[in-house]
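The structure under discussion appears below in the form of structure tokens.
Number of protein chains: 2
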Amino acid sequence: MYVRLTTNSASPPASLGDFGITSGPSPTVSVSEFTYRMGSEIYGEGEPADYVYQVKSGAVQSYKLLSDGRRQIGAFHLPGDIFGLEHGGPHRFTAEAIVDTTVRFVNRKTLEIMADSDVVVARALLNIMSSNLSHVEDHLLLLGRQNSLERVAAFLVEMDDRLTANGVMELPMTRRDIADYLGLTVETVSRAISKFYKEGLLEFVGNTQREIVVRNRQQLAMFGPKKAAG
Amino acid sequence: MYVRLTTNSASPPASLGDFGITSGPSPTVSVSEFTYRMGSEIYGEGEPADYVYQVKSGAVQSYKLLSDGRRQIGAFHLPGDIFGLEHGGPHRFTAEAIVDTTVRFVNRKTLEIMADSDVVVARALLNIMSSNLSHVEDHLLLLGRQNSLERVAAFLVEMDDRLTANGVMELPMTRRDIADYLGLTVETVSRAISKFYKEGLLEFVGNTQREIVVRNRQQLAMFGPKKAAG
DNA sequence: CGGGGGCTTGAGGCCACTCAACGATAGTGG
DNA sequence: CCACTATCGTTGAGTGGCCTCAAGCCCCCG
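Here the protein sequences line up with chains V and H, keeping their order.
Residues in the first sequence are numbered consecutively from 1, following the numbering used here.
Residues in the second sequence are numbered consecutively from 1001, following the numbering used here.
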């Protein structure tokens, strides 16, 4: 792990409320902060999971690699998201800062000890795991059974939900990252976005291709999952 | 949900030990049994998650559907496996008995109440969720970044681990089920298995194509994941 | 024996990948 | 300030892996 202590790490113990976990007896946990530079690794797959993280600002991606370089990104973590929570083993993904990113982190063991005595904390951990599981399960369907347009549309809708401010979605990740999240190639992602743009579903802002306005969210979603009744 | 009460449902309360959960204060939970016929639905996606199940005998598949019939199987549940555990919401998969299957089941609410007072139960729930998550995460990489031969090889190795007895692996699922698990078509799965057979990696037993002997597990695994160093 | 489902195999097509070229932007160093 | 380079993104042309469509075999079950 790329350990880089910052002065912030000397910050006073904070309540778990920063992590969205509030408790009855209200014990406290030492919450520290780190800032990672763009592209730096927060932890690697297979390393011991000593800490649990929450994105304060920036963006993080979690991925697995094959020996020949093929990469599958499992999730993008945006401000407020908690990541790196494993239960009984090492990290199963590599986590990397996509842009300069500040994270809060707490000791995993401490959290587990708290969970043993505090029902609220235990439930919170279950909640986090459960929502992770839910997201990954939906992604299974996307990777296994949806075509390129459906995948890209689903991605844009997801990101539109999660990081649009003032009507503009500012993507922190490259087209390659998107491709590795969607199980596609850069070219295919680019073609899909171009197609949506030409159809008037998207609009670009500024001189990068990362600031996007979703013009017709409804119609974009039509390309997406189309889940069955049940 | 396809509710079919059996006489077994009147069985006496049993300890959670049946679920692999043993506790200190040792309270008991009512554990009942159901038998589902081949092809019948145990619960549907979106239905309230009132029970948690464990396969006693048989096999179950969990899947999601798209409106046009495309299907993605998330997992096969074999004897001993626990499935249907959701934390705070409805079922996210449809579960269906692949063959005649007997399951044990317990009330989810009861389990949650126990978890609130019993650390061992709470940890057990986290363990189950965690292993589910781990399996699905590995499957993401397979669906997103592996080719057809790698997928089928990985499937055969997984099943070889989980249900081989006397050196013979007896698959309960059809080629279509395998295809929907691997994000492929029936034909592609069949071609891959034929190829492995012709190369001497597999052998068929009996007059069905579901009883398979893995002749060279090592070489078969070479087609598989090939995870990176870390 | 006839019908149906499961499985395999072949032939052809298409969608996404591969390979390549190009423009735009940002960073670097003279 | 201007090359020079590297990265990112887009677009075009062609390929290939998996899908689609089709046929046929086998087994089971009536």
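Positions of the beta carbon are idealized from the N, C-alpha and C atoms, including for glycine.
Do you know how far the Cα of R145(V) is from the Cα of R1070(H)?
Residue mapping note: residue 1070(H) aligns to position 70 of the second sequence, counting from 1. Residue mapping note: residue 145(V) aligns to position 145 of the first sequence, counting from 1. One C-alpha to the other measures close to 7 Å.
So who's on the other strand from H1077(H), going by DSSP bridges?
Along the second sequence, one-based indexing puts residue 1077(H) at 77. According to DSSP, which records beta bridges pairwise, H1077(H) is partnered with V1060(H).
Distance CB(Q61(V))-CB(R104(V)) smaller than 8 Å
Position 61 of the first sequence, counted from the first residue, corresponds to residue 61(V). Position 104 of the first sequence, counted from the first residue, corresponds to residue 104(V). Contact flag unset, no.
Who are the near neighbours of H1091(H) in its chain, counting only those whose CB is closer than 8 Å to its CB and skipping five residues on each side?
Taking the second sequence and counting its residues from 1, one reaches residue 1091(H) at position 91. Around H1091(H): Y1043, G1044, E1045, G1046, E1047, P1048, A1049 and G1084.
Counting only runs of 4+ residues fully inside the segment 1061-1126 of chain H, write out the alpha helix (DSSP H) ranges in chain order.
1108-1117
Output yes or no for whether 8 Å exceeds the beta carbon distance between L1171(H) and I1212(H).
One-based indexing of the second sequence puts residue 1171(H) at position 171. One-based indexing of the second sequence puts residue 1212(H) at position 212. Their beta carbons are under 8 Å apart, which means L1171(H) touches I1212(H) by this criterion.
When you compare only the Cα positions, how much space is there between G167(V) and V121(V)?
What you label residue 167(V) is simply residue 167 of the first sequence in a count that begins at 1. What you label residue 121(V) is simply residue 121 of the first sequence in a count that begins at 1. The straight-line gap from Cα to Cα measures roughly 35 Å.
Would you say M129(V) reaches chain H, if we count a Cβ-Cβ gap shorter than 8 Å as a contact?
One-based indexing of the first sequence puts residue 129(V) at position 129. Yes, M129(V) counts as interfacial toward chain H.
Identify each residue in the segment 180-206 of chain V for which the Cβ-Cβ distance to at least one residue of chain H is less than 7 Å, and report them in chain order.
G183
Ranges of the alpha helix (DSSP H) found wholly within the segment 1181-1223 of chain H, counting only runs of at least 4
1186-1198 and 1217-1222
Per DSSP, T164(V) forms a beta bridge with which residues?
In the first sequence, counting from the first residue as 1, residue 164(V) sits at position 164. Answer is M169(V).
Just grab the DSSP bridge partners of V1052(H) for me.
Taking the second sequence and counting its residues from 1, one reaches residue 1052(H) at position 52. Note: V1052(H) sits in a beta bridge opposite V1106(H).
Could you run through the segment 128-157 of chain V and flag, in chain order, every residue whose CB is less than 7 Å away from some CB of chain H?
M129, S130, N132, L133, S134, V136, E137, H139, L140, L141, L143, G144 and R145
Partners in chain H for L125(V), counting only beta-carbon separations shorter than 7 Å:
Residue numbering aside, residue 125(V) sits at position 125 when the first sequence is read from its first letter. In chain order: L1126.
Candidates L1126(H), E1137(H) and L1220(H): which alpha carbon is nearest E1150(H)'s?
Here residue 1150(H) corresponds to residue number 150 of the second sequence, with the count starting at 1. E1150(H) has its Cα closest to that of L1220(H), out of L1126(H), E1137(H) and L1220(H).
Take V1106(H) and list the residues in its own chain whose beta-carbon comes closer than 6 Å to its own, dropping the five residues that flank it on each side.
Position 106 of the second sequence, counted from the first residue, corresponds to residue 1106(H). Contacts found: V1029, V1031 and V1052.
Anything in chain H within Cβ reach of D116(V), meaning under 7 Å, just list it in chain order.
Within the first sequence, the letter at position 116 stands for residue 116(V). Ordered by position in chain H, the residues that pass the 7 Å Cβ test against D116(V) are V1119.
Do you know how far the Cα of D177(V) is from the Cα of E41(V)?
Translated into the one-based positions of the first sequence, residue 41(V) becomes position 41. Translated into the one-based positions of the first sequence, residue 177(V) becomes position 177. Going from the Cα of E41(V) to the Cα of D177(V) covers about 15 Å.
Keeping to the same chain, check which residues put their C-beta closer than 8 Å to that of A179(V); ignore five residues upstream and five downstream.
The sequence position of residue 179(V) within the first sequence is 179, counting from 1. If we look at A179(V) and ignore the five residues flanking it on each side, its Cβ neighbours are T185, V186, T188 and V189.
Going straight from the alpha carbon of A95(V) to that of S1130(H), what length do you get?
Here residue 95(V) corresponds to residue number 95 of the first sequence, with the count starting at 1. Here residue 1130(H) corresponds to residue number 130 of the second sequence, with the count starting at 1. If you take the alpha carbons of A95(V) and S1130(H), they lie about 18 Å apart.
Are the Cβ atoms of L140(V) and Q1209(H) separated by less than 8 Å?
Residue 140(V) sits at position 140 when you count from the first residue of the first sequence. Residue 1209(H) sits at position 209 when you count from the first residue of the second sequence. No; because the gap between Cβ atoms is not below 8 Å, this pair is not in contact.
What three-state label does DSSP hand S1030(H) in the structure shown?
Against the second sequence, residue 1030(H) aligns to sequence position 30. Reduced to three states, the DSSP call for S1030(H) is coil.
Can L202(V) and R215(V) be called in contact, C-beta distance under 8 Å?
Numbered from its first residue, the first sequence carries residue 202(V) at position 202. Numbered from its first residue, the first sequence carries residue 215(V) at position 215. Contact flag set, yes.
Skipping 5 residues on each side, what residues in its chain have a beta carbon closer than 6 Å to that of V1099(H)?
If you number the second sequence from 1, residue 1099(H) lands on position 99. Excluding sequence neighbours, V1099(H) sits near M1038, G1058, A1059 and P1172.
Helix or strand or just coil, what does DSSP make of F1019(H)?
Mapped onto the second sequence, residue 1019(H) falls at position 19. Correct three-state label for F1019(H): helix.
Does any residue of chain V have a CB that is nearer than 8 Å to the CB of M1001(H)?
Translated into the one-based positions of the second sequence, residue 1001(H) becomes position 1. Low confidence applies to M1001(H): its pLDDT is 37, below 50, so where it sits in the model is not reliable, and the reading given next is rough at best. No, because no Cβ of chain V sits closer than 8 Å to the Cβ of M1001(H).
Contacts around G183(V), its chain only, beta-carbon distance under 6 Å, and the 5 residues preceding and following it disregarded
Mapped onto the first sequence, residue 183(V) falls at position 183. If we look at G183(V) and ignore the five residues flanking it on each side, its Cβ neighbours are L143.
is_contact[G1088(H), chain V] using C-beta, thresh 8 Å
Counted from its first residue, the second sequence places residue 1088(H) at position 88. So yes, G1088(H) belongs to the interface.
Quick check on DSSP: helix, strand or coil for P1012(H)?
For this step, residue 1012(H) is matched to residue 12 along the second sequence. Note on P1012(H): pLDDT 44, under 50, position unreliable in the model; the coordinate value appears next. Three-state DSSP puts P1012(H) in coil, outside helix and strand.
E1041(H), enclosing beta strand (DSSP E) - first and last residue:
Taking the second sequence and counting its residues from 1, one reaches residue 1041(H) at position 41. From DSSP, the beta strand (DSSP E) with E1041(H) extends over E1041 to Y1043.
Using a Cβ cut-off of 8 Å (strictly closer), state whether A122(V) contacts chain H.
Translated into positions along the first sequence, residue 122(V) becomes position 122. Output row for A122(V): interface = yes.
Do F155(V) and Y181(V) have their C-beta atoms closer together than 8 Å?
Here residue 155(V) is taken as the residue at index 155 of the first sequence, counted from 1. Here residue 181(V) is taken as the residue at index 181 of the first sequence, counted from 1. Yes.
Please check if any C-beta of chain V sits within less than 8 Å of the C-beta of R1217(H).
Taking the second sequence and counting its residues from 1, the one referred to as residue 1217(H) is at position 217. No, R1217(H) does not count as interfacial toward chain V.
Compute the beta-carbon to beta-carbon distance between H87(V) and N1127(H), rounded to the nearest angstrom, for a pair I have assumed lies under 8 Å.
Stepping through the first sequence from its first residue, residue 87(V) is reached at position 87. Stepping through the second sequence from its first residue, residue 1127(H) is reached at position 127. That pair is a contact at about 6 Å.
In terms of DSSP beta bridges, what is T35(V) paired with?
In the first sequence, counting from the first residue as 1, residue 35(V) sits at position 35. Answer is T102(V), bridged to T35(V).
Length of the line joining the Cα atoms of D138(V) and D68(V)
Here residue 138(V) refers to the residue found at position 138 when the first sequence is read from its first residue. Here residue 68(V) refers to the residue found at position 68 when the first sequence is read from its first residue. Cα to Cα, the separation comes out at about 27 Å.
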